[in-house]
Every structure is written in C-alpha cells, then in structure tokens.
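Chemist:
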Amino acid sequence: MRLEINTSLQNNTLKEKPYSCETCGKSFCRQDILVLHMRSHTGEKPYSCNTCGKSFSKGDNLKKSFSYRAQLKDHMRTHTGEKPYSCNTCGKRFSDTSGHKRHTAIHKEEKPYSCTICGRGFSQGGHLKVHMRIHTGEKPYCCKICGKSFNEGRILKVHMRTHTGEKPYSCKICGRRRILKVHMRTHTGEKPYSCDTCGKSFSEGRILKVHMRTHTGEKPYSCDTCGKSFSEGRILKVHMRTHTGEKPYSCKTCGKSFSHGGRLTVHMRTHTGEKPYVCNTLPDSFKY
C-alpha cells in the first residue's frame, strides 16, 4: 500500500514539473519559468533599465521600474541614493531589506557559517567563501591590463582605477579624491567596525580584519624562500627584501639606500640634526 502511495506521489511530481533543464536537470511546472531559468546558464539579460542601462534577465524586474513595486524600488535607489532601512543598533542605513537583514545578523552575533580550517565564524555564507581564499590562495579576479589577481571582485574594481586614473568621488571638505565613504571618516572620526574580542574600533573593515589576527594568531602570508609567515601582505613584501637585497628608499642627500621607509626616515636625521625624542629624566637638552 505504501509503495503504491509513493509511486503515485512520484508520478504526480513528475506531472507537475514536466519541463526539465538540459544543463542542470532542474524541473519546472511551466515552460516560461524554464525559459527564465535557462538565462542563469546563458547569461542572457534582454531587458535594460532606461536610466542606467543595467540589464535584467527577467522582464518583471524591468516592469517594476514603471509600476513602482518592490524590486523596481530597490533598483531605483541605486540612482536616487535613498536608504530607507535603518539599523536599530548602530543607525547604519540600507537601500533594500536584504542588505538590512544581513547587517542585523552582525549585531545578533549569529555566525552559523564556520571556517573548517581556522574556526572563524561568519554571518553569511558568501563571507565564508571569500575568507576561504585566504587559506586556499585562490584569486579568481584577474586584471586584464597587468595580470594581477585578487580574491574579491570589489578589490579588482578599485585596482582598475590605478590604470584608468579614475577618482570618481570628491570630498566636499578637503577636495581629496579617493574612496569617499572611507575618506570621510578621517573628518568625522567614525569607526563603525568593532573588534568583538577587545572592543577596539576601526574606520575600515579591512583594518579590523588585519587586527583580528592579533587575537587569532593567523598568519596567512608565507615567504616562499624561508617559510616565515606574516599577518599582512605588506610585511611579507618588506621581508622579501632581506632575500632579494632590494633597497627602494634612497637618501637624496648622500645616496644611501634602505629596504623600507622607516629606516630612511631615521637616517635623514643624521643630516637634518632632528632629535624628536626628549628624555624626561635627563636635562631637556638631551635629545635623541
């Protein structure tokens, strides 16, 4: 009897979803839904937004631009800059509910996605996926101009500006052009990224990421020559000069070269006579 019921259910399921994708095998109840699904494989996006030219795979995404339903409203905010969803904990604002929902999980400390290598937890699966590239060394985003690779698409996007010279955001206070949102924190003093372990705050997420390694002991950057590991890529870069002998910082007065800028700064005091450090025990005239 149970076999007959299961067989009947299976047959009904097959009848309900008779349209199958030849690429991945997924089934659908209607042919028009299958057609939409196929665009996830082909990348076809036949519908364009009249404001920015952005393309969509579904016509209803575009129609919402005219009927002011939810999805259109979310998209149009990329043009208007409107951010109606506010975090009750920190006040940060978002243009759509999905971004707001992901953010609130940070405050709730819900981190259901854990790294199997170092144990670090994440609130989103996508963040774990990006984090894993630290361990695997995977850098899937490649610059077509210089060939340099990156582990995140957003970093490649910023890198491309080193070739194009593009600095699209100008600070209204000092006129400086860089990543405006981050730069403005030098004026406001805002530090929205906090360490859960010691409470120290930072103006950028990447700085917090590096700081966390002081607690975890993680050193993902290894020297191929001697095997020594470092918490930051820039420290590895300086270390490599002990093997290559590279000394890119030169004194304009005497021509002496150094492996990093800090040593050049100290050396320059032999020419300028500058002694910025005063001993509080010995007389004020004793400086070094």
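Residue numbering for the sequence shown is 1071 to 1358, as defined by our numbering. Each residue gets a CB set at the ideal place from its N, CA and C atoms; glycine is no exception.
On the three-state DSSP scale, how would you describe R1163?
Modeler: Counting from 1 along the sequence shown, the entry for residue 1163 is found at position 93. Note: R1163 maps to strand in three-state DSSP.
Chemist: So what's G1223 in DSSP terms, helix, strand or just coil?
Modeler: In the sequence shown, counting from the first residue as 1, residue 1223 sits at position 153. If DSSP states are grouped into helix, strand and coil, G1223 belongs with the helices.
Chemist: Under 8 Å Cβ to Cβ from T1159, same chain only, skipping five residues before and after it: list those, please.
Modeler: Sequence index remark: in the sequence shown, residue 1159 carries index 89 (1-based). The residues are T1174 and H1177.
Chemist: How long is the line joining the alpha carbons of S1165 and R1172, rounded to whole angstroms?
Modeler: Here residue 1165 refers to the residue found at position 95 when the sequence shown is read from its first residue. Here residue 1172 refers to the residue found at position 102 when the sequence shown is read from its first residue. The straight-line gap from Cα to Cα measures roughly 12 Å.
Chemist: Kindly indicate which three-state DSSP category G1325 falls into: helix, strand or coil?
Modeler: In the sequence shown, the residue the question calls residue 1325 occupies position 255. Residue state, collapsed to three classes: coil.
Chemist: With contact counted as at least three CB pairs below 8 Å, one residue from each stretch, are the segment 1194 to 1209 and the segment 1220 to 1229 in contact?
Modeler: Yes: at least three Cβ pairs fall under 8 Å.
Chemist: Give the secondary structure of G1169 by DSSP, where H, G and I count as helix, E and B as strand, and everything else as coil.
Modeler: Here residue 1169 refers to the residue found at position 99 of the sequence shown. Residue state, collapsed to three classes: helix.
Chemist: Enumerate in chain order the residues of its own chain whose CB-to-CB distance from F1192 is below 7 Å, with the five nearest sequence positions on each side excluded.
Modeler: As a first step, residue 1192 is located in the sequence shown; it is residue number 122 there, counting from the start. K1181, Y1183, L1198 and H1201.
Chemist: Return the chain-ordered ranges of every alpha helix (DSSP H) run that is complete within the segment 1273 to 1355 and spans a minimum of 4 residues.
Modeler: If we require 4 residues or more, the alpha helix (DSSP H) runs fully inside the segment 1273 to 1355 come out as 1275 to 1286, 1303 to 1314 and 1331 to 1342.
Chemist: Is S1329 closer than 7 Å to R1304 when the C-beta atoms are compared?
Modeler: In the sequence shown, counting from the first residue as 1, residue 1304 sits at position 234. In the sequence shown, counting from the first residue as 1, residue 1329 sits at position 259. Going by C-beta atoms, R1304 is not nearer than 7 Å to S1329.
Chemist: Identify whether S1184 lies in helix, strand or coil by the three-state DSSP scheme.
Modeler: Numbered from 1 along the sequence shown, position 114 holds the residue referred to as residue 1184. Of the three classes helix, strand and coil, the one that applies to S1184 here is strand, per DSSP.
Chemist: Provide the residue span of the alpha helix (DSSP H) that contains D1102, from first to last.
Modeler: Reading the sequence shown from its first residue, position 32 is the one you call residue 1102. Q1101 to T1112 is the extent of the alpha helix (DSSP H) around D1102.
Chemist: Looking at T1314 and H1285, is the spacing between their C-beta atoms short of 7 Å?
Modeler: What you label residue 1285 is simply residue 215 of the sequence shown in a count that begins at 1. What you label residue 1314 is simply residue 244 of the sequence shown in a count that begins at 1. Taking 7 Å as the Cβ cut-off, H1285 and T1314 do not qualify as a contacting pair.
Chemist: Taking 6 Å as the limit between beta carbons, can you name the residues of its chain near R1147, skipping five residues before and five after?
Modeler: Residue mapping note: residue 1147 aligns to position 77 of the sequence shown, counting from 1. Once the five neighbours on either side are set aside, the close Cβ partners of R1147 are S1165.
Chemist: Using only the alpha-carbon positions, how far apart do M1338 and P1346 sit?
Modeler: Along the sequence shown, read from residue 1 onward, the residue named residue 1338 stands at position 268. Along the sequence shown, read from residue 1 onward, the residue named residue 1346 stands at position 276. Each residue's Cα considered, the two are about 12 Å apart.
Chemist: Determine the direct distance from the alpha carbon of E1092 to that of E1260, and round the result to whole angstroms.
Modeler: In the sequence shown, counting from the first residue as 1, residue 1260 sits at position 190. In the sequence shown, counting from the first residue as 1, residue 1092 sits at position 22. Rounded to the nearest angstrom, the two C-alpha atoms are 52 Å apart.
Chemist: Rounded to whole angstroms, how far is the Cβ of E1274 from the Cβ of Y1291, which I believe are closer than 8 Å?
Modeler: Taking the sequence shown and counting its residues from 1, one reaches residue 1274 at position 204. Taking the sequence shown and counting its residues from 1, one reaches residue 1291 at position 221. Not a contact, Cβ separation roughly 19 Å.
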